[in-house]
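Here's the structure, in structure tokens; my notes come after.
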Amino acid sequence: MQENSFSKAETLRPTVIEVGGEPQGVVVPTEGGYRFLAVKLPAFVVDGQHFASVEIAHRAVRDAVQGAAEL
-11 MQENSFSKAE TLRPTVIEVG GEPQGVVVPT EGGYRFLAVK LPAFVVDGQH FASVEIAHRA
49 VRDAVQGAAE L
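Under the working numbering, residues -11 to 59 are what the sequence shown spells out, in order.
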């Protein structure tokens, strides 16, 4: 029983999203995709949003951070 719980816990681990080598937040698996949780101010524009994949979340965070840098 513990083995199954451990395997499930491994798949539910957050994935760090970095832009330019700096962590901006994490995505956590949710039903049907991933939810982004920001830890840096430029990434808060996408905080709480749901994405179909980690790659799509990363692009959204990268675009938000790069857009903030242009201001």
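Using N, Cα and C, we set each Cβ at its ideal position, and we do this for glycine too.
Treat the numbers as computed from the prediction; the structure is a model and nothing was measured.
Where the beta strand (DSSP E) through G13 begins and ends: 10 to 18
Within 9 Å, strictly: CB atoms of V15 and A56: no
Where the beta strand (DSSP E) containing R47 begins and where it ends: Not the beta strand (DSSP E): R47 falls in the alpha helix (DSSP H), residues 42 to 58.
Reference Y22; option with closest CA among A31, T3, R50: T3
Buried versus exposed, by CB contacts within 10 Å (16 or more), A12: In the sequence as presented, Ala is not what sits at residue 12; that position holds Gln. Q12 is buried by the Cβ-count criterion.
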